[in-house]
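Residue numbers for the sequence shown follow our numbering, beginning at 1165 and rising by one.
Cβ coordinates follow ideal geometry from the N, Cα and C atoms, glycine included.
No experiment lies behind these values; they were computed from the predicted model shown.
First up is the structure itself, then whatever we jot down about it.
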Amino acid sequence: MPVNDRTPVHDPSWPAQVEIYDTTLRDGAQLEGISLTVDDKLRIAEQLDQLGVQYIEAGWPGANPKDNELFRRLPKELKVTTSRVVAFGSTRRVKGKVDSDDTLRHLVEAETDTVCIVGKSWDYHVTEALGTSLDEGVAMVADSVEFLRRSGRQVLFDAEHFFDGYRRNPEFGLRVLEGAAQAGATHLVLCDTNGGTMPHDVERIVREVVAYFGDDVVVAVHLHDDGGTGVANALAGVRGGARQVQGTINGYGERTGNCNLTTIIPNLTLKMGIETIPADRLELLTPVAHHVAELVNMALDPQAPYVGSSAFAHKAGLHVSAIAKRPDAYEHVAPESVGNGTRFVVSELAGKSTVVLKAKELGLELDGPQLNDVVDMLKRLEHEGYHFETADASLELLMRHATGWRQPWFHVEEWEVIVDDARDADRLSTQAIVKGTANGEAFHEIAAGNGPVNALDQALRKAIGARHPALGNVHLTDYKVRVLDTHRGTGAITRVLIDSTDGEQSWTTIGVGENIIEASWQALEDSLVFGLLRAEQRG
Ligand SMILES: [Zn+2]
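Here it is as C-alpha cells:
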C-alpha cells in the first residue's frame, strides 16, 4: 500500500449501496429562523435533483397552503432527472377509517409516486399520547400503508421514536414494523426523533432489525443531532445494515438539526467505499451546500466538514510549503473531489512561501522584488491594524498592485460627507459628494443616503454606474466595525470589514483608520473595484 493511499476500504459486511433521502424541505425547514417561500422550495428541490439524491421529501400536503401550492406546482415547474419526489404525512386517526381520512386523502391527491407516512412505534406514545390500545396502534399503521399501496403508491414507513421505544419494548417496535412491512411498505425508517441515541445503540438496534426482516424491506435511518452524533449515528446505522440514510443539506433541522447530508455523503463514498449519489455528482456537493445556504438565507458555517470555506484552509506558516508539495499529507481527502479547494490563509505570520502560494492560487506572477514588497507591505499593514485573513478581496487587490496593476475603472480624487442634525427634522440628513474621473471624464456627484457609508456608495454609483453596469449586481451584505486599542477611547483606530456579493460570489474587503468614515471608504472602494474585476474576468 502506498504511504498515503486514500482509496476507501469497503468492509464486505456493509451494504454496497446506500440511498440518500433528503428531508431539507420538510424536517430541515423546522429550524428556527428559516422561512421558505414556494419558489425557494422549488429552487432547493432543483439543487437536490442535480446533486442526485434518490429521494426528495417535498413537504406535507394539506398541512398548510404553502405546501399545497408546492405540490400543485411541482409537476409543472420541476423536471426531476434523478430524484423521486415524496409527499409526507401520517397514519389514519385513532379508530378512524382510511377512506374518509383527510391526511391520507391529501397524500393521494399530491400525486407523487412515493409517499412517506409517520406512525408511532413506542408503546408509551401509543397508550399515553394517542390514548389507545397497542393493537389499534399497529392497525393504524398497517391500514394506512395498505390503503396507500392500493392507491398505487410506493410507501415508506417512518417509525417515530423507534430507538427510544425499542430499548424499552422491542417486541412492540417490531410488531409495528411488521404491520407496515406486511401491508407493503418498501422501507422501514427507524427514527431517532429525540436525537439522543448513541452510535453503539444505533448500530446494535439496526443490526437486530435487519436480521429480523432480512432483505425483504429496506431498513432506513432518520437521525437527529441532539447528542452531536447525527452523522456518527448514520454511519453506525449503515454498519448495522441500513440501506437508506435520511438527512438534510447543511444539517438544518429542529433544535440541533438533522444528520448532515453534506458530511455523511462523502463519508460513505470516500471513506467507506459505498455508492450513494452518482459518482460524478460528488463534486457538486460544495456548490449545492452554498447555494442552499443562500436560499435559506443563513451563512454557511465556514468550519463545516468538506464544504465549509475553512475545510481545506491552511494557515500554519511552517507547513505551508510542505502542504503545497504533498497536499495528501495534510488533507484527509482531495478537496476537488467534493467541489472544494485548498486555500492558503495569509496573515502577518505568513512567510514568503505562503504569499507565493496565494499568488499561484490567484493566478498572479510575482517576481522576487515584488514578492518582498508584498511581504513587507503585509507586515506593515497588519501592524497598523489590517487583518487580511478574512479580507481575501482586499488582499488580492493589494497583490495585484504589487505586480504594477492599476484598476482602470474610476479614480476618486476627493470625497466629502455631510451629516446634518437639523433640529426640526425627525432624522439626520446625510449627503456625500464624490469628485474624480472615470475613463478620462471628470465627475462630480452628490447623493443622499441612509448614513455616511450608504451616501458614499450612492454617490459613487451615481457617478460611474452608467459606465459600469456590472456594478448593478454588486451589493453589500454585511458591515462590521471593530475598535482596536480601545484604551484610546473615541480616538482609537477603527477596522471596517464589508461583505459583498454579485449573486455568484461573495467577498470581503477591509479598511483601517482613525476615522471610521475613512476606514469605511477604503473597504467600500475595494469592494466595488473587486466586483468590477470579477465581472471583467467573467467576460
Ligand atoms: Zn425528523
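**Prompt:** Over what stretch of residues does the beta strand (DSSP E) that includes residue 1579 continue unbroken?
**Reply:** In the DSSP assignment, residue 1579 falls within the beta strand (DSSP E) that extends over 1575-1584.
**Message:** Three or more C-beta pairs under 8 Å: does that hold for the region 1571-1584 against the region 1502-1510?
**Reply:** Too few Cβ pairs lie closer than 8 Å, so no.
**Asked** Would the beta-carbon of residue 1402 fall within 9 Å of that of residue 1362?
**Response** The answer is no: Cβ separation not under 9 Å.
**Request:** Quick one: using the 10 Å Cβ neighbour count with 16 as the cut-off for buried, is residue 1664 buried or exposed?
**Result:** Residue 1664 should be labelled buried.
**Request:** Report yes if the C-beta distance between residue 1399 and residue 1373 is below 9 Å; otherwise report no.
**Result:** Contact check for residue 1399 against residue 1373 fails: the beta carbons are separated by 9 Å or more.
**Prompt:** Who are the near neighbours of residue 1183 in its chain, counting only those whose CB is closer than 6 Å to its CB and skipping five residues on each side?
**Reply:** Apart from the 5 residues on each side of it in sequence, residue 1183 sits with its Cβ closer than 6 Å to the Cβ of 1218, 1408 in its chain, given in chain order.
**Prompt:** So what does residue 1220 bridge to, in DSSP terms?
**Reply:** For residue 1220, which the question treats as bridged, DSSP gives the partners 1186, 1249.
**Request:** Would you list, in sequence order, the uninterrupted beta strand (DSSP E) runs of no fewer than 3 residues that lie entirely inside the region 1437-1509?
**Result:** Counting only runs of 3 or more, we get nothing.
**Message:** What does the alpha-carbon distance come out to for the pair residue 1308 and residue 1456?
**Reply:** About 34 Å.
**Asked** How about the region 1528-1546 and the region 1489-1498: do they share at least three Cβ pairs that are nearer than 8 Å?
**Response** Touching, no.
**Asked** Distance, Cα to Cα, residue 1557 vs residue 1271?
**Response** Approximately 50 Å, taken between the alpha carbons.
**Request:** Give every residue of the same chain whose Cβ lies closer than 6 Å to the Cβ of residue 1497, excluding the five residues on either side of it in the sequence, and list them in chain order.
**Result:** Closer than 6 Å at Cβ, skipping near neighbours: 1434.
**Asked** Hey, would you say the C-beta of residue 1422 is under 8 Å away from at least one heavy atom of ligand 1?
**Response** Residue side-chain check: residue 1422 places its Cβ nearer than 8 Å to a non-hydrogen atom of ligand 1.
**Cβ pair count under 8 Å reaching 3, the region 1469-1476 against the region 1269-1286** = With a cut-off of 8 Å, the region 1269-1286 and the region 1469-1476 do not count as touching, because too few Cβ pairs lie within range.
**Request:** Rank 1169, 1216, 1235 by C-alpha distance to the C-alpha of residue 1190 and give the top, closest one.
**Result:** Distances from the alpha-carbon of residue 1190 to those of 1169, 1216, 1235 put 1235 closest.
**Asked** Excluding the five sequence neighbours on either side, which residues of its own chain have a C-beta within less than 8 Å of the C-beta of residue 1180, listed in chain order?
**Response** Cβ within range, chain order: 1174, 1438, 1439.
**Item:** Any non-hydrogen atom of ligand 1 within 8 Å of residue 1355 CB
**Value:** Distances between the C-beta of residue 1355 and the heavy atoms of ligand 1 include at least one below 8 Å.
**Item:** Whole runs of the beta strand (DSSP E) within the region 1579-1638, excluding any shorter than 3 residues
**Value:** Taking 3 residues as the minimum length, the beta strand (DSSP E) runs contained wholly in the region 1579-1638 are 1593-1602, 1605-1613, in order along the chain.
**Asked** In this structure, does DSSP put residue 1407 in helix, strand or coil?
**Response** It is coil, neither helix nor strand.
**Message:** Whole angstroms are fine: how far does the CA of residue 1353 sit from the CA of residue 1388?
**Reply:** Taking the Cα positions, residue 1388 is about 13 Å away from residue 1353.
**Asked** Among 1681, 1667, 1670, 1635, which has the Cα closest to the Cα of residue 1657?
**Response** Of the candidates 1681, 1667, 1670, 1635, the one whose C-alpha sits nearest the C-alpha of residue 1657 is 1681.
**DSSP state of residue 1321 mapped onto helix, strand, coil** = It is a strand residue.
**Asked** Going along the chain, which residues of its own chain have a beta-carbon closer than 7 Å to the beta-carbon of residue 1685, five neighbours each way excluded?
**Response** These residues qualify, in order along the chain: 1579, 1620, 1675.
**Request:** Kindly say whether residue 1213, judged by its beta-carbon, lies nearer than 9 Å to any beta-carbon of chain C.
**Result:** The structure shown has no chain C; it contains just one protein chain.
**Asked** By Cβ distance, which residues of its chain are closer than 7 Å to residue 1396, with the 5 residues on each side in sequence left out?
**Response** These residues qualify, in order along the chain: 1363.
**Asked** What do you get for residue 1608, buried or exposed, if any count of 16 or more other CB atoms within 10 angstroms of its CB means buried?
**Response** So residue 1608 ends up on the exposed side.
**Prompt:** How about residue 1417: is its Cβ closer than 8 Å to a heavy atom in ligand 1?
**Reply:** Yes.
**Message:** As a quick exercise: from 1639, 1453, 1661, pick the residue whose alpha carbon is nearest that of residue 1551.
**Reply:** Among 1639, 1453, 1661, the Cα nearest to that of residue 1551 is on 1661.
**Request:** Measure the beta-carbon distance from residue 1459 to residue 1204 and round it to whole angstroms, keeping in mind my assumption that it falls under 8 Å.
**Result:** For a cut-off of 8 Å, the C-beta gap from residue 1459 to residue 1204 is around 5 Å, short enough to register as a contact.
**Request:** Indicate, with yes or no, if ligand 1 has a heavy atom lying under 8 Å from the CB of residue 1187.
**Result:** Because some heavy atom of ligand 1 lies under 8 Å away, the Cβ of residue 1187 counts as near it: yes.
**Request:** Give every residue of the same chain whose Cβ lies closer than 7 Å to the Cβ of residue 1615, excluding the five residues on either side of it in the sequence, and list them in chain order.
**Result:** The beta carbon of residue 1615 sits closer than 7 Å to those of 1594, all from its chain and outside the five residues before and after it, given in chain order.
**Prompt:** Is DSSP giving residue 1181 helix, strand or coil here?
**Reply:** Here residue 1181 sits in strand by DSSP.
**Request:** Give every residue of the same chain whose Cβ lies closer than 8 Å to the Cβ of residue 1601, excluding the five residues on either side of it in the sequence, and list them in chain order.
**Result:** Counting only residues of its own chain and dropping the five nearest sequence neighbours on each side, residue 1601 has a CB closer than 8 Å to the CB of 1574, 1575, 1577, 1607.
**Asked** Can you check whether the CB of residue 1193 is closer than 9 Å to the CB of residue 1238?
**Response** Here residue 1238 is not near residue 1193, since their CB atoms are 9 Å or more apart.
**Message:** By DSSP's criteria, residue 1675 is part of a beta bridge. Which residues make up the other side?
**Reply:** Answer by DSSP bridge pairing, in chain order: 1660.
**Asked** Just checking my contact of residue 1419 with residue 1390 at CB under 8 Å: how many whole Å lie between their CB atoms?
**Response** 6 Å between Cβ atoms; contact.
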